[in-house]
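First the structure, in the form of structure tokens, and then the observations on it.
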Amino acid sequence: MEGFEGQVIIVGDEPHVPYSRPPLSKDVLRAEKFPEQTWLRPPAWYASNDVELRLGVRAAAVDPGAHMVELADGTSLAYDKLLIATGGVPRTLDIPGADLPGVFFLRRLDDALALREHLTRGRRSW
């Protein structure tokens with residue numbers, strides 16, 4: 001990968017390969033893009049470029065002194081260099097009813113797909 005010869009591991013708590021988030025609130029919701037069209041790289045690219053994906057597991061703790069990352073599944077990864085890219089966290093509603101069916105938060109691909117299932121086409125009233 002651009003001259004780097006070490007091991008690269010991407011850890012993410014989502015089950016999906018890394019993807020671009022901006023299309024979620026537009027193209028994916030309107031069904032103008034399939035989820036695969038938001039991928040940063042096709043899944044095969046990672047293996048062919050010696051990038052290991054650890055998907056569906058969250059990084060739970062970092063021990064900088066030991067150069068270790070503990071994952072939520074109990075495994076640990078050693079590192080020489082570490083990049084922490086946390087992204088944002090959506091603000092949730094702290095009001096009664098915020099957990100009712102039909103209340104959605106849009107941050108992840110699965111959120112966009114779930115919301116899309118509940119949307120209906122608009123129609124003109126004139």
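Residue numbers for the sequence shown follow the numbering used here, beginning at 1 and rising by one.
Ideal Cβ positions, reconstructed from N, Cα and C, are used throughout, including at glycine.
DSSP-derived helix/strand/coil call for A112: For the purposes of this step, residue 112 is identified with residue 112 of the sequence shown, where counting begins at 1. The answer is helix: DSSP assigns A112 an H, G or I state.
My output table needs one value for Y79: the three-state DSSP class, helix, strand or coil. Here residue 79 refers to the residue found at position 79 of the sequence shown. Three-state DSSP puts Y79 in coil, outside helix and strand.
Could you name the residues of the same chain whose beta carbon sits closer than 8 angstroms to that of L40, not counting the 5 residues immediately before and after it, in chain order? As a position in the sequence shown, residue 40 is number 40, starting the count at 1. Only V17, P18, Y19, S20 meet the Cβ criterion.
Out of curiosity, what's the CA-to-CA distance linking P15 and P96? Indexing the sequence shown from 1 puts residue 15 at position 15. Indexing the sequence shown from 1 puts residue 96 at position 96. When rounded, the distance between both Cα atoms is 31 angstroms.
State the DSSP-derived secondary structure class of R53, mapped to helix, strand or coil. Working through the sequence shown from its first residue, we reach residue 53 at position 53. Per the sequence presented here, residue 53 reads as Leu, with Arg not at that position. Looking at L53 - three-state DSSP - the assignment turns out to be strand.
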